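Have a look at the structure below before the remarks.
Protein chains in written order, with our numbering: chain A, 227 to 748; chain B, 227 to 748.
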């Protein structure tokens, strides 16, 4: 059937997954929610005796002790990003035991997780559920349909929603802990592999049947500060290294110096100013790219000029927002993911740099998550279409490049969600009649800013009105598309097979789109 | 039937409550636990629109909006202790609305809550569940059988266990918030009514159907640091005052100067030293009384002398433990309750002074709570008996004086649990053939230290052995009783009616004893 984003979702997929299809960005809200009845276990103690130690000697022992077996779902968090070494170590230990058909439910997977490709081929991994994924061999393997089961792309808010509701049931959560004690109290700010916050793992610790802390920094009790606490942790295991913190930060973490991108950033800041969003008490979130940071920089300049103090910046935190906090441009940072070492240090040292859970950040089934309070959201996109639908999962050639991240969460919540992108990338126009994959529905996306000009979602007549008498180059989105199509040197119209390799869940758990295997092999 | 603590639990009570009877301190451990499937609600948002405000104008509006009605269970936390003004304000608002038959499930109630007595008489309150209660009019009213239903006395660890399991279902949690923002992010450390931690309320915020933050200090978003976060909070209401922080600290908070009590304290410290519990990495918890603090002081002296560094001190935290932390005698404090302004300030300023949830502290149905790691626990008692059973709920005259607190939690977990008390109190010997009410089973209590000497639980032959060649006056507990009985100027053998006014739950939720209405009216 055709869903509310205009995408064909085959009946077979609906039947197989048991999921509903997307029916509108704000359609499944305002409801009473029952949370999943999770498991715990009471520890046997005896007077005068030490309770059984949680500290096991190896991942092999962990796997034996927890009874990890064929078909189970294991989860991971991704705060070590491309430096993570826990996913590979755990999965290799599982593979060595001859265990098969594992469902890997990771908040994120990166290029460093290439060894999973072979495990997919070998039948060790049958399914992947993920909210962030890097381009690379693993993403290509999924694109090529190597997984036995559908990959599931969830948003950062959709993941805790799915776990809390029981839709995504985790048998064993492996939590990388840069600092941990023998009881399983842990934090992300101390130790050689400090990654800042452990936010995405909080929900795993709460709802997984069994929870294992994997650490390379076993400290004396009590680990301080306690970020995830002992009563949720079954076992602790020490490994030589949980990862390389240098892999946390990659890509640009400074404002762009490219003149075209700077122009886009400046236009965006002016747009936000003219529409009244740069105001006392404002809040803001951007991604970590060079243009996004340049937008933050340009907004910061206007804030300084007008002596405006914002409320908070949120999401993945870069050094740039740390500096803005220090300068007093924001009153607080709400952090689900530290993007660089400056952010990690700030989280450790500055009480105004606060951790938040993924639920607090973006879970739509809560009594109010943070994205609902966002004024300004700067969105990335691999493609956008004339209906303002945004794609971040696939490229125009159909290959998987990323996952939903917080894109559709923040777009839904923010007062103004602005897609900031070059119109022409690698010779192609990324503004299309229809995106290859819909991740963020157009009804939640307010503005497109690119080097050719600005397009405002026709649903936002209020913004149109405010921009009427400004110098900003506001155009119809179709006019911008014409210019892009004119100047593009390459047109990509990939052919797809009938094979569906993954589903994209909207944050509420409905299917907003499917990912088809392209004819071309990647 | 007779339970494992030797107490007669009438069949009618077992049938009416549907509970099991106490079968041994370590009997219901080592089991798999299913947690209660709690409720949430998804907030309706719309693009560009502010979500509906959580901030309501009055408690009356709160009560209307949440649909609070006859028979419901409302919960409170007790960190403002005898300075609390939220319980009375909320219950008065409920009474004004004509709502009846409320179950008040408070982590603690104090003398300041005397107005509840009239509400019991008026039928506004039908039942009270409590973990801490002060002597006074309310405790007397319960003793006199004024409640329509049985009062339930739970331990600090039993309460989160009962809430997590669904045995204690809370319709509405009212959380006193010394610092709160309009979204419901809150903490206990800032504001004119700062009380330190909000530990006992965490489980209420997690499991209550509806959660209301009651604050006298509404701060700009985001409240910093966030202790309980917004996605768990339905409504926020501002009142003039949530309480008087001067009521937090009462009774002695310094070491006793009474020579007899100092002697008890010194004997206790020597006992702990001779039995090897004062050692590198040790942990310790005491109550807030003058003798308890004197024990901490005496232990501190031995630690200094022997250059011993402990691991942690826990529980309700007084200035005395704050000083020990500062001095480096402990590596950290794990706090469920600040007992004075010095502790509150320490929690605000010192990262090593950490908050813990009641579950992390003492919930037996978790993957390992802190009391399991306690080396030394100094227990209070209103009575103890020759089988080492401890009473903290009733006096020897049958009147309710307190509730379980952490007494049976810590006794069960600690390597050595020592009851420290004067043998003769108000002319009576508090060492009896059988305590009036069993709260903490004798099998978990290791030693009694009083001014007449020391009695070791016969189950602890290892301790006996270690004390054999010391100067400490170790005696059979029955010998000590003889001395006490000889010197007592008063004997109390109160008569009880058949009416049962309350049950004492062991930390695992089984009935360890019942509280009967005395013939004498209080």
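We put the CB at the ideal spot given by N, CA and C, even for glycine. It should be emphasised that the depicted structure is a prediction, and the values quoted were computed from it without experimental measurement.
About 6 angstroms separates the beta carbon of residue 320/B from that of residue 289/B, a gap short enough to meet the 8 angstroms contact definition.
If only uninterrupted beta strand (DSSP E) runs of at least 3 residues are considered, those enclosed by the stretch 678-710 of chain A are 679-682. Sequence-distant Cβ neighbours of residue 228/B in its own chain, meaning closer than 8 angstroms and more than five residues away, are 234, 235. Assignment of residue 362/A by DSSP, reduced to helix, strand and coil, places it in the coil class. Per DSSP, the unbroken alpha helix (DSSP H) holding residue 384/B starts and ends at 384-391. The C-beta of residue 721/A has fewer than 16 other C-beta atoms within 10 Å across all chains shown, which makes the residue exposed. Scanning chain B for C-beta atoms nearer than 9 angstroms to the C-beta of residue 385/A yields nothing, as the closest lies near 14 angstroms away.
Bounds of any beta strand (DSSP E) do not take in residue 322/A; it lies within the alpha helix (DSSP H) bounded by 312-322.
Judged by DSSP in its simplified three-state form, residue 341/A adopts helix. Taking the Cα positions, residue 710/A is about 20 angstroms away from residue 684/A.
Of all residues in the stretch 432-456 of chain A, only 446, 447, 448, 450, 451, 452, 455, 456 come within less than 7 angstroms of chain B when Cβ atoms are compared, listed by chain position. Between residue 301/A and chain B, the shortest Cβ-Cβ separation is not below 8 angstroms. Shown here, residue 636/B sits in a helix according to DSSP, grouped into three states. Straight-line measurement puts the Cα of residue 458/A at about 41 angstroms from the Cα of residue 662/A.
Sequence-ordered contacts of the stretch 383-409 of chain A with chain B read 409 [C-beta pairs closer than 7 angstroms]. DSSP places residue 243/A inside the alpha helix (DSSP H), whose first and last residues are 237-243. Per the C-alpha coordinates, the member of 719/B, 665/B, 396/B positioned closest to residue 629/B is 665/B. Residue-level contact check: residue 589/B touches chain A, since one or more beta carbons of chain A fall below 8 angstroms from its beta carbon. If you ignore the 5 residues before and after residue 326/B, its C-beta comes within less than 7 angstroms of the C-beta of 296, 349, 350, all in its own chain and listed in chain order. Pairing residue 582/A with residue 597/A gives a Cβ-Cβ distance that is not under 8 angstroms. For residue 270/B, the neighbours in chain A by C-beta distance under 8 angstroms run, in chain order, 252, 255, 256.
Contact annotation: residue 356/B and residue 392/B have beta-carbon atoms that are not nearer than 8 angstroms. Nearest C-alpha to residue 394/A among 473/A, 735/A, 741/A: 735/A.
At a cut-off of 8 angstroms, the C-beta of residue 425/A has no neighbouring C-beta in chain B. Residue nearest to residue 493/A within the set 517/A, 542/A, 626/A, 635/A is 517/A (criterion: CA-CA distance). For residue 748/B against residue 413/B, the beta-carbon gap comes to about 39 angstroms, at or over 8 angstroms, which does not count as contact. If you look at residue 742/A, you'll find it in the beta strand (DSSP E) that goes 737-744. Three or more Cβ pairs closer than 8 angstroms define a contact, and the stretch 425-438 of chain B meets that threshold against the stretch 583-593 of chain B. For residue 342/B, the nearest beta carbon of chain A is not closer than 8 angstroms to its own beta carbon. Judged by DSSP in its simplified three-state form, residue 278/B adopts coil rather than helix or strand. Residues of the same chain with a CB within less than 6 angstroms of the CB of residue 426/A, apart from the 5 flanking positions on each side, are 303, 333, 584 in chain order. Residue 594/B reaches chain A at 269, 277, 280, 409, 410, 456, 457, 459, counting residues in chain order whose Cβ is nearer than 8 angstroms. Contact annotation: residue 460/B and residue 440/B have beta-carbon atoms that are not nearer than 8 angstroms. Here the alpha carbon of residue 500/A sits roughly 45 angstroms from the alpha carbon of residue 367/A. Cβ neighbours of residue 656/B within its own chain (closer than 8 angstroms, five residues either side excluded): 607, 608, 609, 610, 622, 647, 648, 649, 650, 710. Contact between the stretch 374-381 of chain A and the stretch 727-745 of chain A is present, with at least three C-beta pairs closer than 8 angstroms.
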